[in-house]
Amino acid sequence: MRIDKRRYYHLDWYLIINGLMIFGIGLLNLVSATSSFSSGSYNFMIKQLIAFAMGLVLIGVVMYYDYRIIANQSRWIYLGGILLVVLVLIIGLAAGGAKRWISLFGFSVQPSEFMKPILVILLANMLHEKKRQNVPLSLKDIGKPLLWTLIPFVLIVKQPDLGTGIVIILVCFAVLWYVGLKRSTYAVLFGVGAISPFVAWNYLMKPYQKMRVLSFINIDADPAGFGYHAKQAIIAVGSGRFLGKGFMNGTQHKLQFIPEHHTDFIFTVFSEEWGFIGSVVLFALFISFINRCLKIAMNAHDELGSIIAFGIAAIIWVQFTINVMMAIHLAPVVGIPLPFVSYGGSSLLSMMISVGLLLNISTRRYMF
Amino acid sequence: MKDENLSSKYKWCTLVLVITMTVLLIRLWDLQIMRGSEMRKLSEQNRIRVKKIVAPRGIIYDRTGKVLADTRPSFNIYLTPEDIRDFSQTVDGLARLLACDREEIIEKMKAAGGMPPSFPIKIKSDIPMDEVARVEAHRVYIPGVSIQIEPKRNYPYGASFAHVIGYVSEISDEELKDKKKHKDYSPGDYIGKYGLERSYENDLRGVDGEKRVEVDAIGREVRTLDVVDPIPGHSLHLNLDLDLQLSADKALETRKGAAVALNPKTGGVLVLASRPGFDPNLFASGISKRDWQGIALDKAHPLQNRAIQGGYPPGSTFKILTATHALQLGVINERTTFTCGGGFAYGNRVFKCWKKGGHGTISVHRAIVESCDVFFYNVGLKLGVDRIHEFGNIVGLGRVTGIDLPNEQKGLLPSTEWKKKRYNQPWYEGETVSVAIGQGAVWLTPVQLAQLSSFVANDGKNFKPQIVNRIVSTEGKVVKTFEPVVNADVKFKPEIIKIVKDGMRGVVNEPGGTAGASRVQNVLMCGKTGTAQAGSEKVRLGDHAWFIAYAPAEDASIAMAILVEHGLHGSSAAAPIAKGITETLFKVKTVIKEAKADENR
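These protein sequence lines are chains Z and U, in that order.
Just so we're on the same page, my numbering is the position in the first sequence counted from 1, plus 61.
Just so we're on the same page, my numbering is the position in the second sequence counted from 1, plus 107.
The structure is reproduced here in structure tokens:
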């Protein structure tokens with residue numbers, strides 16, 4: 062097996078170092094976040110590092126094949142992903158009232174996490190011709206992409222995992238926007254977007270989901286119940302003040318006031334301990350990383366690579382923004398992990414596969 | 108691959124990123140900088156609880172150092188409203204675990220409504236071990252509930268000392284409202300409600316400590332931040348004697364009545380028993396509604412301390428006062444005789460003697476021994492009610508004796524002035540006839556009659572009755588010693604007081620004495636029986652039985668008054684109790700020595 066040396070030469074070290082910094086901060090933060098757990102913090106750190114090691118292997122695999130070859134096989138990859146998501150519904154492991162995991166070779170895997178990059182590749186493969194021709198998409202053109210997005214969306218929301226479902230839908234729209242839409246298409250999409258909240262509220266949302274929205278609007282309506290999570294989260298963040306309470310000194314998470322503080326609410330731990338200063342640094346790292354993804358999208362060799370890179374940028378932006386907003390009570394509570402920082406192997410692997418794709422695209426930007 | 112279209116998209120993306128960063132930073136600034144201190148305070152309130160460490164209450168000892176009241180650890184259930192997530196889950200869950208009404212819990216919470224939500228409210232005290240285990244096992248499902256180990260008052264002799272030691276109980280809302288008197292108390296605190304526990308509350312209570320602890324989200328203590336140790340309350344050493352008290356209490360147990368025994372040399376209270384009683388331990392562990400109603404509504408009034416609060420006509424025991432004063436003033440002397448034919452006509456009424464056939468011609472000695480009524484009718488008339496009133500007041504009758512217990516009643520010793528004030532009517536001499544033998548408008552408490560007995564035993568001198576001998580701190584330092592306080596000191600010619608004392612000795616030790624059956628071997632007990640009419644003229648209840656006594660005849664070390672409500676005869680109902688106390692006392696030689704040592708102090 063020969064690997065073209067030029068690929069090392071063109072490796073995007075900016076992206077790699079930026080990503081490693083976020084991951085490093087995340088790992089350190091995880092040690093503090095899980096220090097109060099009976100299994101001890103090193104248990105979680107080691108699991109996260111194992112996932113990271115597996116992720117490195119996956120990056121290698123993803124980079125080995127040209128992204129065009131991968132995109133060619135996207136429908137099979139997609140089918141495989143859907144199969145796993147369906148399997149979750151059948152033989153999934155339940156935790157906290159939701160079936161999101163399946164057991165694969167002794168690992169708990171959350172297939173919905175992997176659906177995000179898979180969907181991006183599928184959509185890119187579907188749409189890159191149109192983009193190349195620079196033809197704005199008509200309503201008819203977006204029918205197929207929307208359908209392929211709705212299938213995993215429905216399956217994932219049924220688990221229920223509303224957070225991932227929201228990410229998938231938003232990323233799909235971002236990709237469509239990136240490819241370009243006709244004015245008429247915009248009009249219809251906005252129209253549908255305007256009425257969909259009412260439809261969702263009246264027909265689709267479960268009572269507990271409605272309560273989350275209501276307690277988001279008025280946090281003090283049910284401070285011990287649905288408002289509790291958000292209330293404790295902003296207390297944690299706010300109590301960090303300018304400089305933070307210091308590493309391992311956060312009290313809100315350590316004393317279990319915040320459920321899920323090592324996964325979806327990991328930002329509260331970081332912000333409580335590192336304060337405003339630390340949070341600004343973390344935000345800057347994320348914005349810089351997303352910006353770098355966008356740069357890769359701009360400089361990609363072809364439209365296919367550009368769309369994939371943009372789609373991944375969109376995934377990271379959506380997750381970062383919603384996750385942080387949820388922790389500081391700018392969005393209702395919804396289960397979306399913070400990329401590279403939240404504990405969870407599937408989330409980390411999915412992100413690293415995405416990084417693999419980005420590196421794949423950036424190293425091949427001068428190749429024909 | 109660069110074109111116009113792409114760079115325009117990139118510009119849009121950059122804009123979105125800038126907006127994202129701006130929005131997040133503004134919100135973060137608001138939370139962490141603008142409201143940072145407020146949020147920090149909230150997070151501190153979340154985790155820090157100030158827990159009270161209740162100071163162990165002072166121990167109460169009898170005069171030989173036997174424990175009459177102490178504290179033992181108990182498990183108490185607390186509820187912190189702030190930590191409750193789901194009100195009905197916690198309250199209903201707790202009610203089920205403790206097998207009580209949810210209303211009871213809610214009532215307790217309402218009572219503490221004025222306190223901050225982080226203040227733990229005591230829900231139930233002194234729960235048994237199996238409940239402790241049950242609650243501990245279900246802690247996770249009832250956030251807000253905590254178990255604290257706190258000292259609890261324990262009265263090993265239960266009802267036997269209920270009326271003298273009293274009891275502690277949770278402070279009531281009314282008491283809490285009296286901010287001036289109870290400013291250091293908070294809901295759920297224990298306070299002395301009755302007896303010595305109340306009189307000496309400030310000495311016994313000590314100073315509560317404080318512990319700041321860190322708790323987690325379900326209220327579990329994670330670690331202690333700092334501790335201010337409590338200062339235990341001072342202990343009380345009483346003049347009371349355990350064995351004597353038990354002897355008196357046992358004799359009274361199935362009856363209604365009271366027994367008071369004093370050390371005539373000091374006024375130290377050796378015995379103060381009253382029946383019916385109640386178990387003070389019930390109060391100390393948070394009395395249930397049913398138990399409380401059982402005690403409060405009992406027709407026998409177990410919450411009344413008959414020894415200091417019960418007013419009874421003293422009957423013939425009062426003749427001692429009449430005789431002493433008449434002899435002192437020279438109204439009569441040793442040889443003065445009156446003739447008793449079984450009755451005494453005065454005005455349009457005939458006052459009967461208890462002995463139908465009469466006592467014949469009788470002088471003061473035999474009149475005391477045989478308790479001749481007619482003799483004292485005559486003496487009373489000669490003295491007049493006001494002189495009786497005045498002298499009684501000196502001895503300590505018809506006014507509070509000043510015993511160190513709350514709510515002592517002063518009884519009543521009538522005078523012409525009193526009747527004018529009270530009824531705006533003149534005094535009739537016929538009433539004096541009744542008063543002379545302790546009937547009519549005379550109402551005295553057992554402790555007052557013990558004072559009379561003590562007065563005679565000590566040749567005209569008695570002291571304020573004092574239950575507590577000294578207050579001692581935990582380090583063993585004597586904080587306060589109660590020296591004897593003279594109550595009455597009347598100088599008698601020795602031969603005069605001897606006449607009365609000889610009479611009282613004859614009551615027990617001479618043939619024909621009314622208490623001859625209660626003679627004590629080896630010890631000369633002196634006494635006087637009393638059988639007082641109870642109820643009104645129309646509704647006659649069984650007579651009250653009285654016996655006042657002191658022993659030994661010379662240099663007495665104990666003076667007593669025994670009352671048995673509706674006991675019918677002083678000789679048969681009351682005198683044997685005095686006999687029992689005397690026997691108990693004099694079987695133990697060291698006790699006598701100690702009683703004398705007190706005198707020389």
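We put the beta carbon where it would ideally sit given N, CA and C, even for glycine.
In chain order, which alpha helix (DSSP H) runs of at least 4 residues are fully inside the stretch 363-429 of chain U?
-> 387-391, 396-403 and 413-416
Which full runs of the alpha helix (DSSP H) of 4+ residues lie inside the stretch 227-274 of chain Z, going along the chain?
-> 244-260
May I ask you to report which of helix, strand or coil DSSP gives N531/U?
-> Coil at N531/U, not helix or strand.
Of all the CB atoms in chain U, is at least one closer than 7 Å to the CB of F308/Z?
-> no
Shortest alpha-carbon distance to G674/U belongs to which of R529/U, P387/U, K284/U and L359/U?
-> L359/U
Within its chain, find whatever has a CB closer than 8 Å to the CB of I501/U; leave out the 5 residues flanking it on each side and keep chain order.
-> A595 and V597
Neighbourhood of F175/Z by C-beta, 8 Å cutoff - its chain only, sequence neighbours within 5 removed | Hits under 8 Å: G142, L145, S407, L410, S411 and I414.
If you measure from the beta carbon of S150/U to each beta carbon in chain Z, is any gap under 7 Å?
-> Proximity of S150/U to chain Z, defined by a Cβ-Cβ separation below 7 Å, is satisfied.
Excluding five sequence neighbours on each side, which residues of the same chain lie with their C-beta closer than 8 Å to the C-beta of L428/U?
-> I495, F498, G499, V502, L504 and L559
Taking only beta-carbon atoms, is G299/Z less than 7 Å away from chain U?
-> Chain U contact via Cβ: present.
Between the stretch 114-137 of chain U and chain Z, which residues of the former have CB atoms less than 9 Å from a CB of the latter, in chain order?
-> Listed in sequence order: S114, K116, Y117, W119, C120, T121, V123, L124, V125, T127, M128, V130, L131, L132, R134, L135, W136 and D137.
Given a cut-off of 7 Å, decide if V149/Z and I376/Z are closer than it, judged by their beta-carbon atoms.
-> no
Using a Cβ cut-off of 7 Å (strictly closer), state whether E111/U contacts chain Z.
-> no
If you drop the 5 nearest sequence neighbours on each side, which residues of the same chain put their C-beta closer than 6 Å to that of P387/U?
-> Y262, A269 and Y274
Say whether chain U places a C-beta atom closer than 7 Å to the C-beta of S349/Z.
-> Chain U contact via Cβ: absent.
Please decide whether G143/U counts as near chain Z, where near means a Cβ-Cβ distance under 7 Å.
-> yes
Cβ-based neighbour list, N384/Z, same chain, cut-off 6 Å, excluding 5 preceding and 5 following | The beta carbon of N384/Z sits closer than 6 Å to the beta carbons of I397 and L399 from its chain, once the five residues preceding and following it are set aside; these are given in chain order.
Members of the stretch 315-346 of chain U that neighbour chain Z once the beta carbon cut-off is set at 8 Å | E321, V322, D323, A324, I325 and V329
For I140/U, which residues in chain Z fall below 8 Å Cβ to Cβ?
-> R302, F303 and F337
Which value, in whole angstroms, describes the spacing of the CA atoms of F381/Z and F331/Z?
-> 14 Å
Is there at least one Cβ from chain U nearer than 7 Å to T312/Z's Cβ?
-> yes
What number of angstroms, rounded off, separates the C-alpha of V181/Z from the C-alpha of G372/Z?
-> 6 Å
Same chain, Cβ closer than 6 Å to M108/U, five either side skipped, listed in chain order | Its pLDDT being 48, under 50, M108/U is placed unreliably by the model, and the measurement read from it follows with that caveat. For M108/U, where only same-chain residues beyond five positions count, there are no Cβ hits under 6 Å.
M236/U at chain Z interface by Cβ criterion, 7 Å = Answer no: the Cβ-Cβ gap between M236/U and chain Z never drops below 7 Å.
R260/U: buried (16+ other C-beta within 10 angstroms of its C-beta) or exposed?
-> buried
State yes or no: is the beta carbon of M387/Z nearer than 7 Å to at least one beta carbon in chain U?
-> Under the Cβ distance rule, M387/Z does not count among the residues neighbouring chain U, no pair being separated by less than 7 Å.
Endpoints, alpha helix (DSSP H) assigned at C354/Z | I327 to N360
Classify N153/U as helix, strand or coil using the three-state DSSP reduction.
-> Of the three classes helix, strand and coil, the one that applies to N153/U here is helix, per DSSP.
Stretch-stretch touch, CB-based, cutoff 8 Å, three pairs: the stretch 138-151 of chain U with the stretch 230-242 of chain U = no
How many Å lie between R626/U and V540/U at the Cα?
-> 31 Å
Please check the pair A185/Z and A294/Z, which I expect to be a contact at CB under 8 Å, by giving their CB distance rounded to whole angstroms.
-> So it is not a contact: roughly 35 Å between Cβ atoms.
Who are the Cβ neighbours of D296/U in its own chain at under 6 Å, not counting the five residues just before and after it?
-> I278
Nonlocal neighbours in the same chain, by C-beta distance under 6 Å from K635/U, ignoring five residues either side = T424, I427, M611, V614 and I655
With burial defined as no fewer than 16 other Cβ atoms inside 10 Å of the residue's Cβ, what is the status of S276/U: buried or exposed?
-> buried
Residues of chain Z with a CB under 9 Å from the CB of M146/U: which are they?
-> For a Cβ distance threshold of 9 Å, residue set I295, I296, A297, V298, G299, S300, G301 and R302 of chain Z lies close to M146/U, ordered along the chain.
Answer yes if the stretch 364-376 of chain U comes into contact with the stretch 389-402 of chain U, meaning at least three C-beta pairs across the two stretches below 8 Å, and no otherwise.
-> With the rule of 3 Cβ pairs closer than 8 Å, the stretch 389-402 of chain U does not count as touching the stretch 364-376 of chain U.
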